[in-house]
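When we follow our numbering, the leftmost residue of the sequence shown carries the number 17, and every step to the right adds one.
Think of the CB as a built atom: it goes at the ideal place given N, C-alpha and C, for glycine as much as any other residue.
Only a predicted model underlies this, so the values are computations on that prediction, with no experimental measurement involved.
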Amino acid sequence: MFEDLRVDDIRKLLKHIPGASTKATRKADLVAYGCEVLENPATLKSIVASLDAVQRLALAEAVHGDGRLDRQRFKAKH
Numbered sequence: 017m018f019e020d021l022r023v024d025d026i027r028k029l030l031k032h033i034p035g036a037s038t039k040a041t042r043k044a045d046l047v048a049y050g051c052e053v054l055e056n057p058a059t060l061k062s063i064v065a066s067l068d069a070v071q072r073l074a075l076a077e078a079v080h081g082d083g084r085l086d087r088q089r090f091k092a093k094h
């Protein structure tokens, strides 16, 4: 998933994680940090709590599927 992303892309993604802050500059370090932060149950609860109803449905679809959201299927279903 991260193979096609650039360092700037990963930094932008990390900005969406509450409390995430790092001075890492290497791609591997940024990915490792992001994984570490997302493994924190409090962080995950905070992220899920910030989602609206449609976003929670989309998350549930991805979690109970193959890990990705099929937008066309989601639109047809909801």
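Terminal residues of the alpha helix (DSSP H) in which GLU77 lies: First-last of the alpha helix (DSSP H) with GLU77: 69 to 79.
Can you tell which of VAL47, GLN71, ARG42 has the C-alpha that lies nearest to the C-alpha of LEU29? VAL47
Expected contact under 8 Å - CB spacing of VAL53 and ALA36 to nearest Å: 5 Å
By the 10 Å Cβ neighbour count, where 16 or more other Cβ atoms means buried, how is GLY50 classified, buried or exposed? buried
With distance defined between alpha-carbon atoms, name the residue in PHE18, GLN71, ALA92, ILE33 nearest to PRO57. ILE33
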